[in-house]
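One structure below.
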Amino acid sequence: GAVVSQHPSRVICKSGTSVKIECRSLDFQATTMFWYRQFPKQSLMLMATSNEGSKATYEQGVEKDKFLINHASLTLSTLTVTSAHPEDSSFYICSAHVLAGVLYEQYFGPGTRLTVT
Amino acid sequence: RKEVEQDPGPFNVPEGATVAFNCTYSNSASQSFFWYRQDCRKEPKLLMSVYSSGNEDGRFTAQLNRASQYISLLIRDSKLSDSATYLCVVTNTGGFKTIFGAGTRLFVKA
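Protein sequence lines correspond, in order, to chains H and W. Counting in our numbering, the first sequence runs from 1 upward without gaps. Counting in our numbering, the second sequence runs from 1 upward without gaps.
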């Protein structure tokens, strides 16, 4: 299947600092990528849809000024958590769509575990 | 009511057992359905797509019932390596709105 990478896999930062997470599609072009957040023992929650060359679409309740998304190329989307706080500590996962026949299948990056101290 | 609901489990079964999970969805206009597997602290991985006619992949069988708005996953001859959380996933609007169930945890014991 399609390969999506994420970097870093784990990051610890101090409260008030910003953290950038990269999501890359390695063997295909992705005009659309998705960013999710997952708290322990909970499901993935879609944060935003990242569109190459245009603004991201944020889900209700997600602060666009706090979670900055940039999708500057067909293979790279970045999520920057600005002024991070301990409550931002979570598992962040990106994904990209691949059309398989008549269905879109999602392929996920390995995730980034963010801990804000 | 959640858009996608699953029994969180956990299901504790012995090796070799057959286990079935159900998932219900609320939006009758939902278009695509999938089962994903997620291991602890890892990303979800596609297990199989679910078609109206039902589909089978080795020990795994998925079924979709549009009238009752549920999908199911059957695992036969469970292996220790099947222990994971199984996520029911539903997409709408051309595949651009994806909703995940909270997952069903499965533990297969020797």
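Quick reminder that beta carbons are idealized off the backbone N, C-alpha and C, glycines included. It should be emphasised that the depicted structure is a prediction, and the values quoted were computed from it without experimental measurement.
Below 8 Å, how does it come out for the region 59-66 of chain H and the region 81-90 of chain H: are there three or more Cβ pairs, yes or no?
Yes, the region 59-66 of chain H touches the region 81-90 of chain H.
Going by other Cβ atoms of all chains shown within 10 Å of its Cβ, with 16 needed for buried, is W/Thr98 buried or exposed?
Classification of W/Thr98: buried, given that the 10 Å Cβ count is 16 or more.
With DSSP run on the structure shown, which of helix, strand or coil describes H/Glu59?
Note: H/Glu59 maps to coil in three-state DSSP.
What whole-angstrom Cβ distance do W/Gln6 and W/Thr104 have, given they're in contact under 8 Å?
Contact holds; Cβ gap of about 5 Å.
Counting only Cβ pairs nearer than 7 Å, list the residues of chain H close to W/Phe100.
Near W/Phe100 (Cβ distances below 7 Å), the residues of chain H are Ser43 and Leu44.
As a quick exercise: from H/Ala2, H/Ser9, H/Ser25 and H/Val3, pick the residue whose alpha carbon is nearest that of H/His71.
It is H/Ser25.
Let me confirm a value: W/Ala110 is counted as buried when at least 16 other C-beta atoms fall within 10 Å, else exposed. Which label applies?
Exposed, because fewer than 16 other Cβ atoms sit within 10 Å of the Cβ of W/Ala110.
Mind checking the region 72-102 of chain H against chain W and listing, in chain order, the residues whose C-beta falls within less than 7 Å of any C-beta there?
Those would be Ile93 and His97, in chain order.
Would you mind stating whether H/Phe91 and H/Gly61 have Cβ atoms separated by less than 8 Å?
No. Outside cutoff.
Can you find a CB in chain W that lies within less than 8 Å of the CB of H/Gly109?
H/Gly109 counts as touching chain W.
Just to make sure I have the definition right: I need the residues of chain H whose C-beta is within less than 9 Å of the C-beta of W/Pro10. Which are they?
The contacting residues do not exist; W/Pro10 stays about 11 Å from chain H at best.
Given this structure, state the Cα-to-Cα distance separating H/Lys20 from H/Leu114, to the nearest angstrom.
Whole-angstrom Cα-Cα distance: 10 Å.
Which residues in chain W have a C-beta closer than 9 Å to the C-beta of H/Gln106? List them in chain order.
Per Cβ cutoff of 9 Å: Phe34, Tyr36, Pro44, Leu46, Val89, Thr91, Gly95 and Thr98.
Considering only the alpha carbon of each residue, which of H/Glu87, H/Ser89 and H/Val98 lies closest to H/Leu74?
For H/Leu74, the nearest C-alpha among the options comes from H/Val98.
Do W/Phe11 and W/Val19 come within 8 Å of each other at the CB atom, strictly closer than that value?
Closer than 8 Å, so yes.
Please state the DSSP three-state secondary structure of H/Ser89.
If DSSP states are grouped into helix, strand and coil, H/Ser89 belongs with coil.
For W/Tyr25 versus W/Leu87, is the C-beta spacing smaller than 8 Å?
Against a cut-off of 8 Å, the Cβ pair of W/Leu87 and W/Tyr25 comes out as no contact.
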